[in-house]
Amino acid sequence: MTAKRRIKIFDTTLRDGEQTPGVALTAEKKLEIAHALSDLGVDIIEAGFPINSEIEFLAVKRISKEVDTTVCGLARALKPDIDRCVEADVQLVHTFISTSPQHLKYQMGKSEDEIYKIAVEAVEYVVDHGLPCLFSPMDATRSELNFLIKVCKGVEEAGASIINIPDTVGVMIPSSMRELMKKIREEIKIDLDVHCHNDFGMAVANTLAAVEAGCNQVQVTVNGIGERAGNADLEQVVMALKILYGIETNINTEKIYPTSKLVERLTGIRIMPNFPIVGDNAFAHESGIHVHAVLKKAETFEPIKPEMVGARRRLVLGKHVGVHGIDAKLKELGIEVNPEQLKEITTKVKDLGGKGKRVVEEDLVAIAEDVIGMVPKEERKVELVDLVLNSRLSKKPIASVILRVDGKEKKATEEGVGPVDAALNAIRSAIGEEKISLEEYHLDAITGGSDALADVTIRVSKGENVILARGVHEDVVMASVIAFINGLNRILKIA
C-alpha cells in the first residue's frame with residue numbers, strides 16, 4: 002500500500018502573527034503559545050526575530066531551550082542578524098532578501114547582481130555555522146521569473162535546506178500560484194515552502210494550490226493572524242489537506258480548537274463567529290430543518306465531526322429553532338418535559354429569537370423551569386390578556402391590566418411605588434383577591450448584557466398556603482407579572 006503524502010507545518014504565529022496591529026506578546030505568553038504549538042504537533046515554530054530587541058532575543062532563546070520542537074529564528078540576509086539567531090540557539094535560520102523589481106528599486110536600492118550575491122553569501126554564512134537554512138526571496142510572486150529561479154538555484158547550491166516562496170502582498174490566485182510553483186519545482190530539488198498573505202482572501206486557496214504543485218511545507222498562523230489581512234490559517238489548511246486532499250500532517254487535530262482559543266485569548270484578536278473550523282458558528286445549527294437532520298445524521302449538514310478538531314456541536318436557540326432542536330438540548334441538559342411543555346418552551350424561545358435575542362443554555366434552563374412550574378393550561382384560572390404601563394418621573398406609575406379569570410375578562414387600573422408594584426396591584430384588583438400577599442421578591446439577570454433575560458422568583462401566600470413561583474422574560478416588569486400570575490394559578494388551585 003502506498004504511503005499517504007505528508008506535508009510539514011511551519012508555524013509563524015509568534016513571528017508574522019505577532020506583527021498583527023495591536024498584538025504585543027510578552028515572553029511568557031510567547032512561551033505558552035510555543036508549548037501549545039509543540040503539543041499541537043507543528044514541525045517548525047518560527048519563534049521571532051532575535052535581532053529586533055533584547056526582549057525578543059531572550060524570548061526566542063528561552064523557547065529554543067524549553068520547547069521540544071524545531072525552533073526557527075528570522076534574520077535578514079545580514080551577518081549581525083544571523084549571528085543573533087545563532088546566539089539564540091535556534092535549530093533553523095530563516096533568512097530573506099527581496100527579489101521583486103518594486104522592492105529592489107524602492108526598498109533596497111540595489112541591482113539584481115547585488116541581491117544575488119547577498120542572498121548566496123547569507124546562506125553560506127548560516128551553513129558555515131552548522132545550521133540548516135531556510136531562504137525566502139521576499140515578494141517572490143511579483144519577481145521576474147528568470148531572476149527568481151536564478152536566486153533559488155544559487156541559494157540551493159550554497160547549501161539552503163528549504164526555499165520558501167512568499168506571496169508577500171497576497172496578489173496571487175490559485176491557478177497562478179500552482180503554475181509558479183510547478184516551474185520552480187522543475188528547477189529546484191530541495192524542499193519547497195510557501196508563505197501566503199490574505200490581502201484578497203486567497204491565502205488558504207493559494208497555499209493548497211502550492212501543495213498541488215509539489216510544495217513540501219506550508220507556512221501558517223493560528224487563526225490566520227498576521228500583518229494587514231493576515232496569513233493562511235493553520236486550521237483551514239490542515240483540515241483541508243486532511244479531508245479534501247487526503248494528505249497527512251503531524252498535527253493532532255483534536256488540539257486545533259483549544260490552541261485556537263488560547264491564541265485568541267493571549268493575543269486579544271477575536272475570531273469571527275463564521276470563521277471556518279474554529280469560529281463559534283462553525284458547528285452551530287439553528288434552522289429547525291437542519292437541526293432535525295443533524296440530530297439524525299450529523300453528516301447531513303457538517304463536513305467534519307466537531308470532535309475531530311476538539312470542538313463540539315452547538316444547537317443555537319433562536320427564531321429558526323424547531324421542536325426537535327429544543328427537545329435535544331433539554332435532554333442534553335437533563336431536563337424532562339412533556340409534549341405540551343415542550344411546545345410552550347419552543348414558542349417562548351422562538352419569540353425571543355424573533356426579537357433578536359440569542360438564547361443561551363442558561364436562558365433555556367430558566368425558561369424550561371418557568372414552564373415546568375406552571376399550572377397546565379387547561380387548569381389555569383388566571384391568564385394575562387394585556388398590560389399597559391404609564392410611568393412618569395413626577396408621578397407614581399400606573400398599570401392597567403386585562404385578565405381572563407375563569408374565562409371572563411376582568412379589567413383594573415392601579416398605581417404603585419414602581420412599575421412592578423403598580424402591575425401587581427392592578428392584577429390583585431382585577432381578580433378581587435385582596436388576601437393574596439407577595440411575601441418575597443427576587444430578581445436575577447440570567448446572562449450579562451443589556452438584553453439579558455430577567456428571572457423573577459416570588460413567594461406568594463394566601464392564608465396558610467405559601468408557594469414559590471417564577472417568571473422569565475426579557476422585560477423585568479413582564480417577568481414579574483408572569484411570576485405573579487403563575488403563583489396565583491398555583492395558590493388558587495390549592496386554596
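Quick note on numbering: the sequence shown equals residues 2 to 496 in the numbering used here. All C-beta atoms, glycine included, are put in the ideal place defined by N, C-alpha and C. Since the model is a prediction, treat every value here as computed from it, not as a measurement.
Query - Segment contact flag, the segment 140-154 with the segment 69-84, C-beta cutoff 8 Å, min 3 pairs - result: Touching, no.
Query raised in the report: What does a CB cutoff of less than 6 Å around R179 pick up in its chain, not counting 5 residues either side in sequence?
Result: Correct list, in chain order: A210, E213, A214.
Query raised in the report: Alpha carbon to alpha carbon, how far is E379 from N282?
Result: So the two alpha carbons sit approximately 40 Å from each other.
Query raised in the report: The beta strand (DSSP E) with A498 in it runs from where to where?
Result: An answer regarding residue 498 cannot be provided, because it is not within the stretch 2 to 496 covered by the chain.
Requested in this report: Whole angstroms is fine: what's the gap from N165's alpha carbon to E188's?
Outcome: Each residue's Cα considered, the two are about 14 Å apart.
Query raised in the report: Around the Cβ of R63, are there at least 16 other Cβ atoms within 10 angstroms (buried) or fewer (exposed)?
Result: Sixteen is the threshold: when 16 or more other Cβ atoms of the shown chains lie within 10 Å of the Cβ of R63, as they do, the residue is buried.
Query - The beta strand (DSSP E) enclosing R77, as first and last residue numbers - result: Run containing R77: 71-77, per the beta strand (DSSP E) assignment.
**Report entry** Cβ-based neighbour list, K397, same chain, cut-off 6 Å, excluding 5 preceding and 5 following
**Finding:** Around K397, the same chain offers E416 as residues with beta carbons nearer than 6 Å, after the five sequence neighbours per side are excluded.
Requested in this report: Starting from the N-terminal side, write out each stretch of the beta strand (DSSP E) that is 3 residues or longer and does not extend beyond the segment 411-495.
Outcome: The qualifying runs are 438-446, 455-463, 466-474.
Query raised in the report: In whole angstroms, what is the alpha-carbon distance linking K320 and E362?
Result: Distance between K320 and E362, taken at the CA atoms: about 15 Å.
Query raised in the report: Can the beta-carbon of V234 be found closer than 8 Å to that of N207?
Result: Looking at the sequence provided, one finds Asp at residue 234 rather than Val. In terms of Cβ geometry, D234 and N207 do not form a close pair [threshold 8 Å].
Report task. Could you pull the start and end residues of the beta strand (DSSP E) that R16 belongs to? Result -> From DSSP, R16 is part of no beta strand (DSSP E); its letter is neither H nor E.
**Report entry** Alpha carbon of R229 to alpha carbon of P259, nearest angstrom
**Finding:** About 25 Å.
Query raised in the report: Closest by CA to R186, which one among K494, V421, N217, G202?
Result: Closest in C-alpha terms to R186, from the list K494, V421, N217, G202, comes N217.
Query raised in the report: Quick one: does the C-beta of R491 sit closer than 7 Å to a heavy atom of the ligand COA?
Result: You won't find the ligand COA in this model; it holds no ligand whatsoever.
Query raised in the report: Out of D352, H443, R77, which has the shortest C-alpha to C-alpha gap to F97?
Result: It is R77 whose Cα lies nearest to the Cα of F97.
Query raised in the report: So Q220 is in the beta strand (DSSP E); what residue range does that whole segment cover?
Result: Taken as a continuous stretch (DSSP letters only), the beta strand (DSSP E) holding Q220 covers 218-221.
Query - Alpha carbon of E265 to alpha carbon of T27, nearest angstrom - result: Those two C-alpha atoms are separated by around 15 Å.
Query raised in the report: Taking the continuous alpha helix (DSSP H) assigned at M178, which residues delimit it?
Result: Taken as a continuous stretch (DSSP letters only), the alpha helix (DSSP H) holding M178 covers 175-188.
**Report entry** DSSP-derived helix/strand/coil call for S65
**Finding:** Note: S65 maps to helix in three-state DSSP.
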